[in-house]
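Novice: Numbering (the numbering used here), first residue to last: 233 to 691.
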């Protein structure tokens with residue numbers, strides 16, 4: 233009997249080891265990379281059905297997702313740890329990464345709000361300067377939020393009076409954030425917290441009474457209005473009820489809050505946008521500015537004037553101004569025509585350093601040789617990198633006379649007419665400030681050094 237029982241135990245063990253459950257578990261633990269479960273989730277877009285077998289991984293809080301991530305991490309570490317000189321490369325990259333860094337500031341009412349990370353810190357702090365020469369003051373320190381520094385913060389917006397900072401809190405590298413509001417004077421968060429989601433726009437009203445914002449939902453992007461001091465769960469739905477999940481939605485209030493503009497993108501790599509506008513002052517309906525063209529339209533406000541930067545009928549782009557009382561295409565007025573240079577960016581601000589007689593100008597940046605021989609941006613990399621930042625920098629110098637500033641990128645400029653070497657004080661008052669902003673260096677190949685040059689031309 234004892235021998236029979238022993239044989240039975242051995243046979244039972246053999247059967248257990250050979251069972252599919254045991255083999256699957258062993259295979260999952262040993263296989264690298266580990267197998268990923270595929271389910272039958274699908275989305276239908278019109279007549280097209282798109283399979284999404286790994287949608288279950290979007291639930292970052294589920295035990296199955298966390299186990300999958302841990303298994304992937306262990307597999308990756310096991311493979312990379314065997315590489316020669318990995319420690320030396322990691323040490324050098326850490327040295328290069330560990331430097332003081334500052335993000336582009338947002339300036340409102342003379343105050344500067346910006347992210348700042350010191351060399352020894354894992355995360356950026358959100359800081360404020362009360363003036364350009366004032367000391368940095370820390371408003372939000374995400375290093376205190378979690379022991380492993382997995383939670384981070386970013387600036388979403390700043391109120392027009394510079395009092396309130398709207399910032400996002402991100403947990404563990406997730407795409408979604410929660411939006412918080414800090415009183416920068418009191419150094420205290422307000423109770424208004426927008427729920428966890430992917431936000432495309434967070435736009436406070438001029439009087440700080442509320443926030444216009446757009447975010448993703450299970451059905452698609454939607455635009456809302458939140459009245460400060462109320463429950464965000466009861467926020468008013470404004471627009472987007474018919475938009476699908478593939479769309480992106482932005483909202484842009486005018487500078488005086490009289491109008492609200494909605495921009496619909498047909499996906500992240502969009503070749504088409506739609507623009508809608510609402511007269512808030514008269515409590516008007518939301519009406520289309522353009523929704524019937526297969527082109528890109530990027531709106532921006534200048535007071536109550538709506539400008540459209542577009543490639544409609546212009547591959548190198550041009551700019552229209554729209555009569556808000558008569559939105560039909562026939563009444564649009566072209567204010568910046570297409571040229572042989574691609575229009576890169578557009579800014580309408582109050583620029584005190586531009587003389588009143590020059591109401592509209594085009595900023596043209598180029599890199600030219602001393603003999604007026606053209607040099608492409610690839611031959612002047614600092615110019616190529618910094619041109620895209622200039623329009624953003626110009627936004628921070630706004631006070632009185634109206635100006636329309638456009639940024640164009642040129643790779644075949646051959647003229648040096650009206651050019652000034654960047655970084656050197658220019659003679660004319662309207663480009664003196666610009667020449668200080670654009671500090672282009674020089675680049676040496678086999679040819680002599682080529683200075684980066686900038687010029688201003690009337691539209």
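Beta carbons are placed, not taken as given, at the ideal position from N, Cα and C, and that holds for glycine.
Look at the Cβ atom of residue 548, then the Cβ atom of residue 574, and state whether they are nearer than 9 Å.
Specialist: Cβ distance < 9 Å, so residue 548 and residue 574 count as in contact.
Novice: Going by CA-CA distance only, name the one from 481, 365, 322 and 268 that's closest to residue 296.
Specialist: Comparing Cα-Cα distances from residue 296 to each of 481, 365, 322 and 268, the minimum goes to 268.
Novice: How is the beta strand (DSSP E) around residue 465 delimited, first residue to last?
Specialist: Neither: residue 465 is in no beta strand (DSSP E) and is coded neither H nor E.
Novice: Could you tell me the alpha carbon to alpha carbon distance between residue 416 and residue 563, rounded to whole angstroms?
Specialist: In a straight line, the C-alpha of residue 416 is about 44 Å away from that of residue 563.
Novice: Mind checking which residues open and close the beta strand (DSSP E) that includes residue 349?
Specialist: Its beta strand (DSSP E) spans residues 343-349.
Novice: Does the stretch 400-409 touch the stretch 375-387, meaning 3 or more C-beta pairs lie closer than 8 Å?
Specialist: A contact exists between the stretch 375-387 and the stretch 400-409.
Novice: Expressed to the nearest angstrom, what Euclidean distance is found between the alpha-carbon atoms of residue 497 and residue 344?
Specialist: Spanning the two alpha carbons is a distance of roughly 31 Å.
Novice: Any idea which residues DSSP pairs residue 552 with across the strands?
Specialist: DSSP output for residue 552 lists 540 and 566 as bridge partner(s).
Novice: Alpha carbon to alpha carbon, how far is residue 473 from residue 316? Give it in angstroms, no decimals.
Specialist: Taking the straight line joining both Cα atoms gives about 55 Å.
Novice: Under three-state DSSP, which class holds residue 310?
Specialist: Correct three-state label for residue 310: helix.
Novice: Using DSSP's beta-bridge definition, name the partner residues of residue 412.
Specialist: Answer is 399 and 425.
Novice: Is the number of C-beta pairs between the stretch 425-443 and the stretch 458-467 that are closer than 8 Å three or more?
Specialist: They touch, by the three-pair rule.
Novice: Taking residue 265 as the reference, which of 453, 281 and 307 has the closest Cα?
Specialist: Out of 453, 281 and 307, 307 has the C-alpha closest to the C-alpha of residue 265.
Novice: Of the choices 541, 558, 555 and 561, whose alpha-carbon is the least far from that of residue 570?
Specialist: Checking every option, the nearest Cα to that of residue 570 belongs to 541.
Novice: Spatial neighbours of residue 370 within its chain, please: C-beta separation below 7 Å, excluding the five flanking residues on both sides.
Specialist: These residues qualify, in order along the chain: 357 and 359.
Novice: Please report how far the alpha carbon of residue 478 lies from the alpha carbon of residue 455, in whole angstroms.
Specialist: If you take the alpha carbons of residue 478 and residue 455, they lie about 15 Å apart.
Novice: Please report how far the alpha carbon of residue 391 lies from the alpha carbon of residue 413, in whole angstroms.
Specialist: Rounded to the nearest angstrom, the two C-alpha atoms are 10 Å apart.
Novice: Sort 418, 457, 451 and 335 by Cα distance to residue 437 and report the nearest one.
Specialist: When only C-alpha atoms are compared, the closest one is 457.
Novice: Taking only three categories from DSSP, how would you classify residue 324?
Specialist: It is helical.
Novice: Tell me whether the beta-carbon of residue 508 lies closer than 9 Å to the beta-carbon of residue 556.
Specialist: No, the pair does not count as a contact, with Cβ atoms beyond the cut-off.
Novice: Of all the beta strand (DSSP E) runs that stay within the bounds of the stretch 507-540, which reach a length of 3 or more residues?
Specialist: Counting whole runs of 3 or more residues, the stretch 507-540 contains the beta strand (DSSP E) stretches 518-522 and 529-534.
Novice: Give me whichever residues DSSP pairs with residue 442 in a beta bridge.
Specialist: Paired residue(s): 459.
Novice: Does the distance from the C-beta atom of residue 273 to that of residue 287 stay below 9 Å?
Specialist: Yes, these two residues count as a Cβ contact at 9 Å.
Novice: Could you tell me the alpha carbon to alpha carbon distance between residue 395 and residue 323, rounded to whole angstroms?
Specialist: Distance between the alpha carbons of residue 395 and residue 323 is about 42 Å.
Novice: Tell me the rounded alpha-carbon separation between residue 511 and residue 518.
Specialist: Approximately 8 Å, taken between the alpha carbons.
Novice: Helix, strand or coil, according to DSSP, for residue 383 in the structure here?
Specialist: Three-state result, residue 383: strand.
Novice: Is the beta carbon of residue 480 sitting closer than 9 Å to the one on residue 461?
Specialist: No, these two residues do not count as a Cβ contact at 9 Å.
Novice: Between which two residues does the beta strand (DSSP E) carrying residue 359 extend?
Specialist: Taken as a continuous stretch (DSSP letters only), the beta strand (DSSP E) holding residue 359 covers 357-361.
Novice: Only counting the same chain, and skipping five residues up and downstream in sequence, which positions put a Cβ closer than 8 Å to that of residue 501?
Specialist: Once the five neighbours on either side are set aside, residue 501 has no close Cβ partner at all.
Novice: Go ahead and label residue 656 buried or exposed: buried means 16 or more other beta carbons lie within 10 angstroms of its beta carbon, across all protein chains shown.
Specialist: Confidence at residue 656 is low in this model, with a pLDDT of 31, below 50, so its placement is unreliable and the value that follows should be read with caution. Under this definition residue 656 is an exposed residue.
Novice: Considering only their Cβ atoms, is the gap separating residue 506 from residue 523 smaller than 9 Å?
Specialist: Yes.
Novice: Give the DSSP bridge partners of residue 436, in chain order.
Specialist: Looking at the DSSP assignment, residue 436 forms a beta bridge with 443.
Novice: Only counting the same chain, and skipping five residues up and downstream in sequence, which positions put a Cβ closer than 6 Å to that of residue 341?
Specialist: Cβ neighbours of residue 341 beyond the five flanking positions: 393 and 394.
Novice: Do residue 330 and residue 346 have their C-beta atoms closer together than 9 Å?
Specialist: Not in contact: residue 330 and residue 346 (Cβ atoms no closer than 9 Å).
Novice: Could you give the DSSP three-state label for residue 318: helix, strand or coil?
Specialist: Correct three-state label for residue 318: helix.
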